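A short write-up of the structure that comes next.
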Amino acid sequence: MTYDPDNIFARIVRGEIPCVRVYEDADTLAFMDLMPQSEGHALVIPKVAGANLLDTPPESVAAAIRTTQRVARAVQGAFAPPGLIITQFNGPVAGQTVFHLHFHVIPVYGAGGLRLHAREMAAADVLEANAARIRAALAGG
Ligand code: 5GP
5 MTYDPDNIFA RIVRGEIPCV RVYEDADTLA FMDLMPQSEG HALVIPKVAG
55 ANLLDTPPES VAAAIRTTQR VARAVQGAFA PPGLIITQFN GPVAGQTVFH
105 LHFHVIPVYG AGGLRLHARE MAAADVLEAN AARIRAALAG G
């Protein structure tokens, strides 16, 4: 898939548009989903350009997966959901809407509890409060 260097997540990596960050290292970045499907929904991306899992170098995928596990453990620690979904879509038909590889970390609080995908923007103070809980969990373990 063609990579658009001006996609939203590429712009977030370059610091051109803001995000509510929870974790960053040399290869990856994790931040709150702007339209979360549940409280604590976070996204993890590699910094390298790649439209999806198929187009991204394996070492960058590996780095992103390591961060995904780290963030997932922090989300679990912070929100104690009974379940947690990790998703990743490849191509518009599969549900992908931003074409820079990303993994969703979505806590699940009960049957039918998820809001629709990429639909409703969360309030900035709610995102910041949820991010603070994840950051605290990351710092503690
Ligand atoms: P996809 O459908 O590509 O798997 O997921 C893209 C995700 O990015 C959606 O869950 C959507 O809510 C989120 N999203 C879209 N635009 C932005 C943005 O500008 N900032 C953040 N933090 N998330 C975004």
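Residue numbers for the sequence shown follow this note's numbering, so the first one is 5 and each next one is one higher.
Beta carbons: idealized from backbone N, C-alpha and C, even for Gly.
Being a predicted model, the structure only gives us computed values, none of them experimental.
Between the C-alpha atoms of residue 141 and residue 8, what's the straight-line distance to the nearest angstrom?
The residue given as residue 141 occupies position 137 in the sequence shown. The residue given as residue 8 occupies position 4 in the sequence shown. When the Cα atoms are used, residue 141 and residue 8 turn out to be separated by approximately 34 Å.
Smallest Cα separation from residue 138: which of 96, 54, 15, 43?
Position 134 of the sequence shown, counting from 1, holds the residue named residue 138. The shortest C-alpha separation from residue 138 is found at 43.
For residue 37 and residue 122, the rounded distance between their alpha carbons:
Sequence index remark: in the sequence shown, residue 122 carries index 118 (1-based). Sequence index remark: in the sequence shown, residue 37 carries index 33 (1-based). Going from the Cα of residue 122 to the Cα of residue 37 covers about 9 Å.
Does the region 78-95 come into contact with the region 47-57, if we say contact requires no fewer than three beta-carbon pairs (one atom in each stretch) closer than 8 Å?
Touching, yes, given that three or more Cβ pairs across the two stretches are closer than 8 Å.
Residues that residue 33 bridges to, as DSSP identifies them
For this step, residue 33 is matched to residue 29 along the sequence shown. Residue 33 is bridged by DSSP to 28, 49.
So, do the region 130-137 and the region 21-28 have three or more beta carbon pairs nearer to each other than 8 Å?
In short, these stretches touch, since the Cβ pair count reaches three.
Who are the near neighbours of residue 111 in its chain, counting only those whose CB is closer than 6 Å to its CB and skipping five residues on each side?
Indexing the sequence shown from 1 puts residue 111 at position 107. Excluding sequence neighbours, residue 111 sits near 42, 44, 79, 83, 85, 88.
Given a cut-off of 9 Å, decide if residue 12 and residue 102 are closer than it, judged by their beta-carbon atoms.
Working through the sequence shown from its first residue, we reach residue 102 at position 98. Working through the sequence shown from its first residue, we reach residue 12 at position 8. Contact: yes.
Please classify residue 18: is it buried, with 16 or more other beta-carbons within 10 angstroms of its beta-carbon, or exposed?
Walking along the sequence shown from the start, residue 18 turns up at place 14. Around the Cβ of residue 18, a 10 Å sphere holds fewer than 16 other Cβ atoms; the residue is exposed.
N-terminal and C-terminal residue of the alpha helix (DSSP H) that residue 72 is part of:
As a position in the sequence shown, residue 72 is number 68, starting the count at 1. For residue 72, the enclosing alpha helix (DSSP H) begins and ends at 62-83.
For the beta strand (DSSP E) that contains residue 112, what are its first and last residues?
Here residue 112 is taken as the residue at index 108 of the sequence shown, counted from 1. Unbroken beta strand (DSSP E) run through residue 112: 107-112.
Quick check: residue 46 and residue 34, are their CB atoms within less than 9 Å of each other?
Along the sequence shown, one-based indexing puts residue 46 at 42. Along the sequence shown, one-based indexing puts residue 34 at 30. Cβ atoms of residue 46 and residue 34: closer than 9 Å.
Please return the same chain residues whose Cβ sits closer than 8 Å to the Cβ of residue 15, not counting the five positions on each side in sequence.
Taking the first residue of the sequence shown as 1, we reach residue 15 at position 11. Closer than 8 Å at Cβ, skipping near neighbours: 21.
Opposite residue 88 in the DSSP bridges: which residues?
As a first step, residue 88 must be located in the sequence shown, where it is residue number 84. DSSP links residue 88 through a beta bridge to 111.
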